[in-house]
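Throughout, our numbering is defined as the position within the sequence shown, counted from one, plus 904.
Each residue gets a CB set at the ideal place from its N, CA and C atoms; glycine is no exception.
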Amino acid sequence: MPKQIENSNVGPTDWTSSLTYQSRATVRPTAADLRELSLKAQARNHTLGVTGMLLYENGRYFQTLEGPPAKLQQVWSSIRSDERHTDIEVLSEHLIPARLFGAWDLLSYHGDSETDPSIRRARAEHALTSQVPKLMELVLNGDDIAINALIASLSQSGWDGDAIIAQLIEPTARALGDAWLSDDCSELDVTIGLSMLQLAGHAVRHKRSGQKSRYRILLATAPGEPHALGTSLLADLFTDAGWQVDMTFPDSNQALANQLSAQQPDAVDIGMSDALSRKKQLEHLRQTVERSRFAAPDNLAVVSVGGRLFADAAATAENVGADVARKTAAGSSIQIAELIRQKRQEPRRK
Ligand SMILES: Cc1cc2nc3c(=O)[nH]c(=O)nc-3n(C[C@H](O)[C@H](O)[C@H](O)COP(=O)(O)O)c2cc1C
């Protein structure tokens, strides 16, 4: 039974069902069959608010589906009686507080097809996310040498840092949070695990030589937030993009406001936990954002927020009065520079 999440306002309607099964294909599907199956499934899943992934390889299917319990059951009763597969074995069925595949109506991967570009793309996306359980295990074992070796081998095989952050490191942080919610690890494991992921984040940084930005950003954890993975990833990314970067781990809105008025940055990012949804902190964060704007009204152009709540789309920038809510740390320096420029109506730099 999953642990009750910290917000007592979160009722059963906020929960998402997750179901994973494997099965055997009755007839070996062609690439065209699989494409048609995926397209139809994606359309129906989209209508019903169901997300997930479907793998097919060597005559076997493996699928995870997530969605509102009633809608998921609707899809599941069709799939279960579909004659294209048999020997269906349900591997897990439980409630989860947030989706793992929220961005995909159905992420499909056909291991037998090398020629179809959409399947190749899905396969490429899956190649990194499929490493999540492995990275999670290394992180929980505190095996920093193996973590570095894994990241180095992914970099060597051509993955860039942004992809590794968005498709592997951040999803592993969320998986850690889920493991805590279902009592599979302790809160201390999550905190130590996030520190290990910070190390993994350092290992993917790629300095673009000589790049210099005219902007300055203050990277802050939300007052009192002990998890600093997002803030640490951003520190590397913004530094590598040539920004002037300051970091702070304030214990109150006042402490953050003092720093903002002393430093007068162009932007501030306020990061919540990347592992846990802290829904009941939303109102606090709204006050932090408001206070931050008030502390540096003349120069502070952009207030950005981040954390699992925003990655899962459980909250938006508007909910807390911010200008932008990042779903991932990757690409933030470009997005925030553009927002500053737009707000000040500055010309774009060559
Ligand atoms: C392995 C496999 C996975 C499938 N996954 C989905 C899915 O995620 N969503 C979906 O709507 N249909 C999926 N389908 C197709 C359904 O079984 C079914 O054909 C389709 O939803 C139409 O349902 P209906 O015949 O009850 O109207 C899948 C079929 C197979 C064989």
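Would you kindly check if the distance between the Cβ of residue j and the Cβ of residue i is under 8 Å?
i	j	result
Val994	Lys975	no
Ser1117	Ala1161	no
Ser1163	Pro1154	According to the sequence provided, residue 1163 is Gln. The question's Ser does not apply to it. In this structure, Pro1154 lies closer than 8 Å to Gln1163 by Cβ.
Gln946	Asp1009	yes
Val1172	Ala1124	yes
Val1207	Leu1189	no
Thr1050	Leu1042	Inspection of the sequence shows that residue 1050 is occupied by Ala rather than by Thr. Result yes, Cβ atoms of Ala1050 and Leu1042 sit closer than 8 Å.
Arg932	Asp991	no
Ser1034	Glu970	no
Ile1211	Ser1156	Residue identity differs from the one stated: residue 1211 is Gly in this sequence, not Ile. No, Cβ-Cβ distance for Gly1211 and Ser1156 is not below 8 Å.
Asp1150	Gln1168	no
Leu1243	Val1228	yes
Ala1215	Val1094	no
Leu1004	Arg948	no
Ala1070	Thr934	no
Ser1260	Ser1090	Residue 1260 lies beyond the residue range present for the chain, which begins at 905 and ends at 1254; the question has no answer from this structure.
Leu1054	Leu1039	yes
Gln1185	Ala1104	no
Ser1236	Leu1141	yes
Val1036	Pro1075	yes
Leu1098	Leu1138	no
Arg1182	Leu1204	no
State the beta-bridge partners of residue i as determined by DSSP.
i	result
Ser1086	According to DSSP, which records beta bridges pairwise, Ser1086 is partnered with nothing at all.
Met1100	Met1100 pairs with nothing; no bridge assigned.
Thr990	Arg928
Thr1152	Ala1124
Gly1006	BP columns for Gly1006 are empty, so no partner.
Ser921	Gly971 and Leu999
Leu1011	Met957
Put residue i into one of helix, strand or coil per three-state DSSP.
i	result
Glu997	strand
Glu1129	coil
Ser1017	Per-residue confidence for Ser1017 stands at a pLDDT of 49, beneath the threshold of 50, marking its modelled position as unreliable; the derived number appears in the next sentence. Residue state, collapsed to three classes: coil.
Met957	strand
Ser1236	helix
Phe966	strand
Thr934	coil
Asp1173	strand
Leu1122	strand
Pro916	Confidence at Pro916 is low in this model, with a pLDDT of 46, below 50, so the placement of that residue should be treated as unreliable; the coordinate-derived value is given next. Pro916: helix per DSSP, three-state reduction.
Gly1210	strand
Val1228	strand
Leu1039	helix
Ala1046	For clarity, residue 1046 is Gly in the given sequence; the question names Ala instead. It is coil, neither helix nor strand.
Ser1061	coil
Ser1034	coil
Ser981	helix
Leu1092	helix
Gln1071	helix
Glu1250	coil
Met905	In this prediction, Met905 scores a pLDDT of 35, lower than 50, which makes its location untrustworthy; no coordinate-derived value is stated.
Leu1243	helix
Lys1183	helix
Thr1143	helix
Asn1203	coil
Gln1168	coil
Ser1117	coil
Asp1066	helix
Confirm the yes/no value for this check: CB of residue i, any heavy atom of ligand 1, distance under 7 Å.
i	result
Val1193	no
Ala945	yes
Asn1045	no
Asn1052	no
His1106	no
Leu941	yes
Asp937	no
Val979	yes
His950	no
Asp991	no
Arg928	no
Ser1237	no
Gln967	yes
Ile983	yes
Leu1004	no
Arg1190	no
Leu958	yes
Asp1093	no
Arg964	no
Arg932	no
Leu1010	yes
Asp986	yes
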